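*Asks:* Below are the structure tokens for one structure; questions will follow.
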DNA sequence: CTTATATAAGAGCATATGCCCTTATTTATG
DNA sequence: CATAAATAAGGGCATATGCTCTTATATAAG
């Protein structure tokens, strides 16, 4: 059965936000047993990327297209659980680098299995081809100029 | 200049969430002078639809693809500002219907002008054709089965 | 060297989102 | 009719998101 109807919104933003509510449910449900929300999982995944140096708060917020203060907020539960830690930069006293702990890496790999199931469910729901095309379009969107 | 890079995420949900952060900025910035966030604007707009009866909380949450409790939370600032009001249903004592006040309608039409500018800016940013196709795809997504 | 400017990050505030549990009311069951 | 099951909504909790202002540090200007 389809969801109840209402005239389709002309607002690009409203539709996008509806979609994120709808899709986040799938992922959060699958990840539930890990105690991670989708945002937290993505954050850990970003930190697991191989880089010359761990990212600074600023860099990380750029990668994630996320406000610096939001990143700060979102790190707090992960810090509390010991999944990440902050390390003062040796060269610049203002800068903190965000590091994935061993515990964080373990939690991430625990999450990856469930995440894959969520990916599959999403693909089943809208079709893999559409899923990939949509993701690519949205990815492009996140790489545009900040106004 | 493009945003900093990171390997493109394979996660459909993460990319969608990034996009919503990116796009909401445009709309929230335009709407700023009204004191409305995008979600609030969308809520008022949904309430301005012509219907036989004002929607109940449950109906409204379905239209918006939003958890009932989330809707309750999101209504609070609007109630406080007198832009909407709740009316006990005459037939069913459990049910409350959500009503757009005259003040709310005025605020909505104030917002609509700014919203149109946001729409234009968004279209300018990614191209109108892509914008419409993307919105249609996302709209379909919001109408799929709840798992 | 001293001061002004710029930058990195945090603090506090407000809204956004959804979960679980509870309460009130309605409907179904016996 | 009395009771059980279902439904509508709210309360409380935790995270998600971004704004503004502040603080600490670094760099540029003089």
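Residue numbers (this note's numbering), protein chains in the order written: chain C, 519 to 665; chain E, 519 to 665. Note that CB positions come from ideal geometry on N, CA and C, so glycine has one too. Model, not experiment: these values are computed from the prediction.
1. Whether or not the region 523–538 of chain C and the region 597–607 of chain C are in contact is what I'm after, with contact meaning three or more pairs of Cβ atoms, one per stretch, closer than 8 angstroms; do they touch?
2. Does the beta carbon of residue 566 of chain C sit closer than 8 angstroms to a beta carbon anywhere in chain E?
3. For residue 602 of chain C, which residues does DSSP report across the bridge?
4. Please say whether residue 581 of chain E and residue 541 of chain C have beta carbons closer to each other than 8 angstroms?
5. Any residues in the region 632–652 of chain C with a beta carbon nearer than 9 angstroms to a beta carbon of chain E? Which ones, in chain order?
6. Under 8 angstroms Cβ-Cβ, which residues of chain C neighbour residue 533 of chain E?
7. Closest Cβ-Cβ distance between residue 582 of chain E and chain C: below 8 angstroms?
8. Smallest Cα separation from residue 548 of chain C: which of C:525, C:629, C:557, C:645?
9. Sorted by chain position, which residues of the same chain lie with C-beta nearer than 8 angstroms to residue 643 of chain E's C-beta, five sequence neighbours on each side aside?
10. Any idea what DSSP makes of residue 557 of chain C, helix, strand or coil?
11. Just how far apart, CA to CA, sit residue 612 of chain E and residue 566 of chain E?
12. Any idea if residue 588 of chain C is buried or exposed, counting beta-carbon neighbours within 10 angstroms, 16 or more meaning buried?
13. Ends of the alpha helix (DSSP H) at residue 575 of chain E?
14. Any heavy atom of the ligand GTP closer than 7 angstroms to the beta-carbon of residue 577 of chain C?
15. Is any beta-carbon of chain C found at less than 8 angstroms from that of residue 540 of chain E?
*Replies:* So, from the data block:
1. no
2. no
3. When DSSP reads this structure, residue 602 of chain C sits in a beta bridge with C:618.
4. no
5. 633, 636, 637, 639, 640, 641, 643, 644, 648, 649, 650, 651, 652
6. 653, 656, 657, 660
7. True, the Cβ-Cβ gap to chain C drops below 8 angstroms.
8. C:629
9. Around residue 643 of chain E: 544.
10. helix
11. 23 angstroms
12. Answer is exposed; the Cβ neighbour count stays below 16.
13. 575–581
14. Only the bare structure without any ligand can be found here, which leaves the ligand GTP out of the picture.
15. yes
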